[in-house]
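Notes follow once the structure below has been shown.
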Amino acid sequence: MDIRDWLRQTVEIDASDLHLMAGSPPIVRVWGDLIPLRQEVLRPEDTHALAVSLLSAEQRARFEERWDLDFSTGLAGSGRFRVNLYRQRGTVAIAIRVVPTHIPTIEQLNLPPKLKDLCRLPRGLVLVTGATGQGKSTTLAAMLDYINTHRTVNVITIEDPIEYIHANKRSFFNQREVGEDTRSFATALRAGLREDPDVIMVGEMRDLETIATALTIAETGHLVFATLHTATAGQSVDRIIDVFPPAQQQQTRVQLAGVIEAVISQQLLPNRLYFHRLGGERDAALLSPSRPRRASSAEGHWPGLEDAGRVPAVELLVATPAIRNLIRESKTHQIHSAIQTGGEYGMQTMDAALAGLVRRRLISLEDALGRAVYPEEVRRQAGPHPHGSAR
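If you read the sequence shown in our numbering, its first letter stands for residue 49, the second for the next number, and so on.
Pasting the structure below:
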């Protein structure tokens with residue numbers, strides 16, 4: 049049993065994730081669905097051997113000390129992978145995310161054109177938010193690639209681990225991996241100010257020190273991109289403020305209101321058109337060699353809407369004077385209403401995005417209602433759709 053064989057098979061069937069754990073068969077995630085690759089279960093010695101085959105001596109020592117480890121790896125002919133090793137029920141388990149080698153464009157991802165305007169900003173803070181597995185890293189990669197194609201700037205990325213590799217085009221990239229090139233996000237951010245950056249991307253703002261440093265960097269005239277695990281723009285603002293002690297929160301509100309430029313919150317939903325084309329039994333169809341899938345990433349292709357298993361629903365907040373004032377005055381509960389009336393600035397709520405996808409027949413009404421902030425608002429905006437529950 050060779051881990052490389054599992055990685056190749058994962059790529060060949062166009063899966064996004066591979067899970068290997070004792071007491072379970074190998075499981076892949078294909079367009080959001082978890083599907084076993086075979087019936088035979090893995091033994092504890094199997095997962096341990098598979099994990100060890102991925103590790104250097106230094107990584108193995110770190111894993112044995114911490115029992116959790118994140119890193120990236122590559123396989124010739126198959127691409128790059130983000131790997132998380134962990135322990136469960138006293139055994140080693142592995143979660144692997146496929147990182148496509150081709151970076152898609154903003155258009156290919158069906159993202160709002162307004163994102164291009166954000167890439168042209170000279171300074172400020174742009175947040176990309178959403179739950180794990182909802183495409184934040186890919187959206188950020190597409191935005192950085194747009195900068196790389198259209199601007200001559202010095203870009204520093206701080207990631208854990210590095211996912212998409214950016215080759216220099218018009219811009220110059222330095223990509224730093226936490227645990228390999230730097231000790232922490234905060235350490236790399238502080239050092240980044242001495243590295244003549246124009247743009248800095250922070251893979252995740254996890255703690256007070258990282259958030260405070262990112263705000264300061266944006267305040268001193270740099271463009272900062274970062275991610276948060278929040279569902280809406282209002283939640284994102286509250287998350288940043290709540291990290292700080294009460295005595296610092298008003299000062300932080302003023303600082304955030306001054307530097308924030310946009311919050312992009314996204315979810316990925318099953319593409320109704322794609323699954324309708326599959327027909328038949330769902331799991332078998334997803335693993336079928338004849339199903340529609342994207343071409344090899346080495347060929348530089350990305351699926352069109354008809355071939356994408358999931359489509360993004362995007363809420364977009366743009367920092368107008370009114371939005372900045374709401375943040376400054378701690379009125380984040382009014383942000384949703386401000387986004388609703390901010391269409392002329394390119395803003396849209398998550399509910400409006402979901403309703404739009406229903407009207408375009410890209411997602412089912414049932415799925416939209418399950419992801420909505422206010423389901424009745426989605427139902428009202430979507431209008432009559434007799435196929436609402438179809439997949």
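Built from N, CA and C at the ideal position, the CB exists for glycine as well.
With a threshold of 16 other beta carbon atoms within 10 Å, His-214 meets it and is buried. Around the beta-carbon of Leu-123, fewer than 16 other beta-carbon atoms lie within 10 Å, marking it exposed.
A distance below 6 Å between beta-carbons, with the five flanking residues on each side excluded, links Val-285 to the following residues of its chain, in chain order: Ile-375, Thr-380. Residue pairing of His-384 in beta bridges, as defined by DSSP: absent, with no partner found. With respect to the C-alpha of Gly-178, the residue from Glu-211, Thr-278, Thr-258, Ala-262 having the closest C-alpha is Thr-278.
For Ala-420, same chain residues with a beta-carbon under 8 Å away, outside a window of 5 residues either side, are Met-398, Asp-399, Leu-402, Val-426 in chain order. The three-state reading of DSSP puts Glu-207 in strand, counting E and B together.
An exposed status is given to Leu-353, since fewer than 16 other beta-carbon atoms sit within 10 Å of its beta-carbon. With contacts defined by Cβ atoms closer than 7 Å, Ser-185 and Glu-211 form a contacting pair.
Glu-88 has its alpha-carbon roughly 13 Å from the corresponding atom of Thr-95. Proximity to Met-69 across Ser-101, Ala-63, Arg-137, Leu-102 peaks at Arg-137, based on C-alpha coordinates. A residue is called buried once 16 or more other Cβ atoms fall within 10 Å of its Cβ, and His-270 is buried on that count.
For Glu-93, the uninterrupted alpha helix (DSSP H) run begins and ends at 92 to 100, by DSSP. Taking Gly-80 as reference, the option from Pro-73, Leu-66, Ser-72 with the minimal CA-CA separation is Leu-66. For Arg-419, the enclosing alpha helix (DSSP H) has its first and last residue at 413 to 419. Rounded to whole angstroms, the separation of the alpha carbons of Thr-300 and Phe-292 is 8 Å.
Going by beta carbons, Ala-189 and Ile-154 fall outside the 7 Å limit.
Taking a 10 Å sphere around the C-beta of Leu-82, we find fewer than 16 other C-beta atoms and assign the residue as exposed. Within its own chain, the residues whose Cβ lies closer than 6 Å to the Cβ of Thr-197, once the five positions on either side in sequence are excluded, are Lys-217, listed in chain order. Contact between the segment 218 to 230 and the segment 258 to 265 is absent, with fewer than three C-beta pairs closer than 8 Å. Sequence-distant Cβ neighbours of Glu-207 in its own chain, meaning closer than 8 Å and more than five residues away, are Gln-223, Arg-224, Glu-225, Val-226, Met-249, Gly-251. The beta carbons of Asn-202 and Asp-229 sit no closer together than 7 Å. By the CB criterion at 7 Å, Gly-394 and Glu-309 fall outside the cutoff.
Taking C-beta separations shorter than 8 Å and ignoring five residues to either side along the sequence, the partners of Gly-282 in its chain run Thr-380, His-381, Ile-383, His-384, following chain order.
Straight-line spacing of the CA atoms in Gly-127 and Gly-404 works out to 34 Å. For Pro-170, the secondary structure class from DSSP, reduced to helix, strand or coil, is coil.
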